[in-house]
Every structure is written in C-alpha cells, then in structure tokens.
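A.B. asks: Have a look at this one before I ask anything.
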Amino acid sequence: MKSIDAKLPIRRARGLITQRALPRLITMAAVVLLLLLLMPLSASATGQVCGKGGGNYTANSTYSSNLSLLAATLPLNASSSPTLFATATAGQSPDAVHALALCRGDTAPDNATACSGCISDSFRYAQELCPNARAAAVYFEYNDSDSRPGCLLGFSPDAAFLSLTPSGIAAADESTLFQYWYFQSMRGDAAAVAADVRELLNGTAHDAAAAKRFFATAVMDSASSDVPTLYSLAQCTPDLSTGDCLSCLQRLLAMVNDTTAVRMGGKILALRCTIRFEAFMFYNGLAMRRINPSSSGVIPAPPVRDPPGKRNRVRPWVIAISVAAPVALVALCFILYYRRLRRRYKKGKMRLNGKRARKLQGGDELLWEMEAEFSVFDFHQILEATRYFSEENKLGEGGFGPVYKGQFPDGMEIAVKRLASHSGQGFIEFKNEVQLIAKLQHRNLVRLLGCCSQGEEKILVYEYLPNKSLDFFIFDEDKKALMDWNKRLAITEGIAEGLLYLHKHSRLCVIHRDLKPSNILLDSEMNPKISDFGLAKIFSSNATDEGNTTRRVWLHGSRVCVRGPVLCEIRCIQLWRFNSRDPKREKEFW
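In structure tokens:
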C-alpha cells in the first residue's frame, strides 16, 4: 500500500524526456538502484496471511476507499492510545472494512511516531504482499539493527472479525495464524530442552495475562556458558479479559511440539495474541522476569560452514547478477516510458478520464490538455489537508456538496469542494467545471488548482479566498459597513471584467448561468472572483448559433444569466426579491 505520509501535490510534466537527457536519467537511476542494493533494509514484514475467506476487491471501489480511509486514520488512533491499540470500522456492509492494529508492548510510551509509522508501513506491505485482498493480517518487525519495535495489523469485511466472544476470538486467530521456526536446532537432551522452552513460554504467557497491558518479557539463563540465553515475549490485545488472553496464549502454546520446541527460535502470531522466543535479545529494555531452567545442558549446534575453497566462488556472480538485472529492468522501463510519452505527444492532447470528449458547436472538441499549474491530488492528501473533512474546516454547503478549508504541509491554504455522492448531476458538474476552469485564466475568475477522482469521491481543489463570498458582506448586518461606494464599484467592475473575458476574450465563449453573490468570492484585497462553473454553457463563436441546451436547471436563490439583480444587491446592500406571481411587478423587473 502506498504510504499515507503527507506529500506535496504531484505536478504533471509539461514537456517530454529528450533523447539527450534519457541516457543521463538511466545512469542516475542505475546509481540510485545500486546504492539501494548496498544499503541494509530498515524493515521487513515478518509474516502475512492473505485473504482467508475474504475474496478480492477492485481498484477504486467503495471497499478500496474505505480501506484507504482506515489506512489514514488507524495509525494515528493507535499511536495516540495509552495502550498503542485501536480498532475501527469504515463503511457499511457489504463494503465495510473492520480493522485492528497493535504496536508491540516494548514501544516507549512517548514514541508515538514509531508506532504510527509501523502501522502505516503494515498497510503498505499488506497492499504489496496481499494485493487487492479484502482480508489480510501483517505481522511487521524491523531489522535487528533497528531499535523500533514491531506491530500487527489485520482487516476483514467480516463483522465478526472484531468479536470479543470466545468463539469469535478463536475464529479470528485461526484465520490469521502465522508460524515461523528456525531450521537450526539446539543440541543436547531433546526432552530437557523442550521442557525448558515450554517452561519459559508458559511462564511468559501467564505473566502477560496478569499484566495490566497484557504484555510480558522473560529471560532464561543456563548454568553453562556454552548454552545460549533464551529470551521470550508474549502479548495480547488490550481489549481482551484476563481469561480470554490466557486462553488465547494457551492455544498457541499447544502448537509448540517436541520438534519446534528445540529450535534456536520461533514465533506463533495470531490476531489477538502472539508468543515468541529467540537465542538473542530482540525486545527493548530489560526482561520483566528471569526464569530458571529446570535442566541445563543445552548446547547450541555448531554453525554450518561452507566447504573450504568454495565459500567465496559464487559471491561475485551473485553480486553481478543482482546488480545488472535490476539496472537492466530500470533501463527498459525508462525506454518504454519515453516511447509512450512520444506517442502521447504526437496525439497532442489527453482526453479527460480516457473518455470521448464532448463536441462543441462548430466541430471542435473539448479536450483535456496537460497544464503545469494543474494537479491531480491523491485522496489521502485531501483527507489530511482537511483533517478528514472535519466540521471545523467546513466553510459552507452549495447545491452540489460541501466546501472545506484545507492546508497542505507546505502551508498552502486551499478550498476543497466535495461533490455530494447523492447528487445525480455530480459527475456532470465535476467534469464540466474541470474542463472549463482549467482552460480559463483571469484575475477575476477563481483559480482551480486541481482535482481528485477516486471511487465515488469527486473533489475540486481551489485557491483559498479568506473573505468568503460576496453575499457574506451584502446580507450580514456587521459587514455592510465595510462596503463603501468605492469597494462596491471596484467589485462591480471586477465582475464585469470577468464576464467580459468569459463572453468575448477567452478562447471558449462561456455563459455562466448561475451568477449570484454566493458564487462571487473575494480575496484578501476584496477583489471579486467568479466561481462555480458547474452549470456553465459553452457556446460556439458563430454569432448566429443560439446555443441550444438540453439541460434545464433552476436552483433556489439563483439568477440564471441575470446580472441586474446582482448589481442591485451590490448597490443597495440588500437581497433583491419580487413577487413572481405579480405580472405587473415581473414585467417591470424584466
């Protein structure tokens, strides 16, 4: 899964990779790849269990959106919890996602960042190791050289996944069970070794079930210096009872047989409880308990060594192949990408959403052109910028959905228009507004920074204007005093210049059709900017064309193609109203 760490908007490239620059880019990629191969990996997924009974989901589906929402919220919820544990559910059946996350108990209480980062990495690994699986469990641990503890993550469409009944706990553990054992065994009396290991694990399990956080570590020393010291860890999720925790750990202990008990280390991991032992210290801090063995004489097996003279023969070939193959793959990818860009450039333009563009009167096509100023945002960026569409960030609600204030990590403030999913006209307005505003640039038109289309989410991102809309000043008793004649005249002239640009000077003749004070935004210097082009109509440059339309729209409070009432409201600082049932008044009005 892609990391949900905040990133700046990804700009679409205006130009192409030239033939002169291509070899340089390939060389740089090869050097970077070589450095990555020489660097030790900082993290790896200890184990994963994919899709037991869950099936698969499709990209951009509702289930995918719900899973993305959990990936954005669950790491923060777990890391901010005193127990470093959280459960969550997103969406409704049959697309609901139920998830659980737990950071290992030796995570420092003040190191919430490590816990949050581990869970985020687990979501990413779940997508890589279990692509499109509706159910998965990932047991994530960092390398031995990294002091950050690990964590576990599980998600499923089954509502019983988070059940706390004994049968529900057992079923969830069975569907997420993962075991790992070292091949190398300890030498000595196998029965005595197995008894010592079971004693160590059993004592650690009882300590964990009795602990407040359901977490315990232990160590077992041997009387002989040749016998390895064994370290153990046991943990349950904090929402279990003491009895349920002990029962869960005992189910895992029952899986430790005479063969696995004499290994140099191993682990049994399940959703609700985990148990592990090693011949090295793998957790942070001192052991919570020291357990004396009932027998000694455990001697580690000698390490397996290569035959003399053959140890280093194959290593140069392995290094050469491991470096050359990825470099060749990267070079091939760059060549294919370069050829694809050339084909796209010959076509000249890209169609929005890959669909056939609408034709204008006059035979021209409205196409989506690549603009450097326009961005396609990821849904996670929008979630983080708006604080997950919090009510505190809500600026208002229009006919096609709410508008939220947002801020990117670089400090850039934005206005986010989230089209309502229940609106049948939502996608039409979304496509219409993107196609229009992306092509129109004027100081009296609101600037569209980009958009986001993911699943059912259709989002438009605008520049943020701190003074809100014109109606806020016209109809607010306290703000009226700020609207002196000079400001009213400047606002009126700005609106007129924007309309003149739309009607005559832009490359597309555009009729707004929904001009009203609430659709006229004001920047910090009270300069007007026309917004909301969802109902706008494109007309041919042919003056004889009537510009027929098949869409009949009327919104409460709108004055379609009527500029007179707007001017009167600016002049008189009050709402223009008349009785539409009075023919005489209506005739005078028109």
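Per mature numbering (1 follows the signal peptide of the UniProt record, and there is no 0): the sequence shown = residues -45 to -1, 1 to 545.
The beta carbon of each residue, even a glycine, is placed where N, CA and C say it ideally should be.
Beta carbon of Y135: closer than 7 Å to some heavy atom of the ligand GTP?
C.D. replies: Ligands in the displayed structure: none, and consequently the ligand GTP is not present.
A.B. asks: Residues bridged to H53 by DSSP?
C.D. replies: T44, S111
A.B. asks: Between which residues of its own chain and A41 is the CB-CB distance below 7 Å, once the five residues before and five after are set aside?
C.D. replies: L29, N32, A33, A56
A.B. asks: Would you mind sorting T341 into buried or exposed? The rule is 16 or more other CB atoms within 10 Å of its CB.
C.D. replies: buried
A.B. asks: Nearest-angstrom Cα distance between Q47 and A26?
C.D. replies: Rounded to the nearest angstrom, the two C-alpha atoms are 17 Å apart.
A.B. asks: Among C85, D333, L395, G353, which residue has its Cα nearest to the Cα of D469?
C.D. replies: G353
A.B. asks: Mapping DSSP to helix, strand and coil, what is P193?
C.D. replies: coil
A.B. asks: Measure the CB-CB distance between A420 and K372 and report whether it falls below 8 Å.
C.D. replies: Strictly speaking, residue 420 in this sequence is Leu, with Ala absent from that position. It is not a contact, given that the beta carbons lie outside the stated cut-off.
A.B. asks: Among V465, V52, R244, F488, which has the Cα closest to the Cα of L415?
C.D. replies: F488
A.B. asks: How far does the alpha helix (DSSP H) with L29 in it reach, from first residue to last?
C.D. replies: 17 to 34
A.B. asks: Restricting to runs no shorter than 3 residues, where is the beta strand (DSSP E) found entirely within the segment 69 to 140?
C.D. replies: You should have 91 to 97, 106 to 111, 133 to 136.
A.B. asks: Based on DSSP bridge pairs, tell me the residues matched to I369.
C.D. replies: G361, E418
A.B. asks: Taking the runs of the alpha helix (DSSP H) that are 4 residues or longer, which of them lie wholly in the segment 405 to 456?
C.D. replies: Look at the segment 405 to 456 and you find these whole runs of alpha helix (DSSP H), each 4 residues long or longer: 425 to 429, 440 to 455.
A.B. asks: Within this structure, are the beta carbons of A225 and D128 separated by less than 8 Å?
C.D. replies: yes
A.B. asks: Taking buried to mean at least 16 other C-beta atoms within 10 Å of its own C-beta, is H460 buried or exposed?
C.D. replies: exposed
A.B. asks: Residues bridged to R231 by DSSP?
C.D. replies: L188, K222
A.B. asks: Cα separation between H467 and G366?
C.D. replies: 32 Å
A.B. asks: With H, G and I counted as helix, E and B as strand and the rest as coil, what does DSSP make of G388?
C.D. replies: It should be noted that the sequence gives Glu, not Gly, for residue 388. Residue state, collapsed to three classes: helix.
A.B. asks: Which residues does DSSP list as the beta-bridge partners of L403?
C.D. replies: Y417
A.B. asks: Check this for me: beta carbons of A126 and A114, under 8 Å apart or not?
C.D. replies: no
A.B. asks: Using only the alpha-carbon positions, how far apart do L350 and G356 sit?
C.D. replies: 11 Å
A.B. asks: Taking its Cβ as the centre, do 16 or more other Cβ atoms sit within 10 Å of K471, making it buried, or is it exposed?
C.D. replies: buried
A.B. asks: To the nearest angstrom, how far is it from the Cα of A67 to the Cα of V148?
C.D. replies: Rounded to the nearest angstrom, the two C-alpha atoms are 39 Å apart.
A.B. asks: In whole angstroms, give me the CA-to-CA distance for Y292 and M243.
C.D. replies: Straight across, the Cα-Cα distance linking Y292 with M243 is about 56 Å.
A.B. asks: How would you call K167, buried or exposed, if buried means at least 16 neighbouring beta carbons within 10 angstroms?
C.D. replies: Taking all protein chains in view, the Cβ of K167 is surrounded by fewer than 16 other Cβ atoms within 10 Å, so the residue is classified as exposed.
A.B. asks: For the alpha helix (DSSP H) containing T159, name the first residue and the last one.
C.D. replies: 145 to 165
A.B. asks: For N483, which beta-bridge partners are listed by DSSP?
C.D. replies: Residue identity differs from the one stated: residue 483 is Pro in this sequence, not Asn. Bridge partners of P483: L477.
A.B. asks: Report the option in H458, L454, W440, E418 whose CA atom is closest to the CA atom of L477.
C.D. replies: E418
A.B. asks: Is K435 buried or exposed, if buried means 16 or more other CB atoms sit within 10 Å of its CB?
C.D. replies: exposed
A.B. asks: What residue range is occupied by the uninterrupted alpha helix (DSSP H) comprising F334?
C.D. replies: 334 to 340
A.B. asks: When you compare only the Cα positions, how much space is there between D76 and F110?
C.D. replies: 14 Å
A.B. asks: Apart from the five residues just before and just after N87, which ones in its own chain have a Cβ nearer than 6 Å to its Cβ?
C.D. replies: N11, Y12
A.B. asks: Report the rounded CA-to-CA distance for residue 574 versus L208, giving the unit in angstroms.
C.D. replies: What the structure shows of the chain is the stretch from -45 to 545, and residue 574 is not part of that stretch, so it cannot be assessed.
A.B. asks: To the nearest angstrom, how far is it from the Cα of C407 to the Cα of L284?
C.D. replies: 31 Å
A.B. asks: Short of 6 Å in beta carbon distance, which residues of its chain neighbour H228, apart from the five on each side in sequence? Order them along the chain.
C.D. replies: Note that residue 228 corresponds to Cys in the displayed sequence, not to His. So the list reads C191, C203, L204, once near-sequence residues are dropped.
A.B. asks: Q205 by DSSP, collapsed to three states: which one?
C.D. replies: In this structure, Q205 counts as helix in the three-state DSSP scheme.
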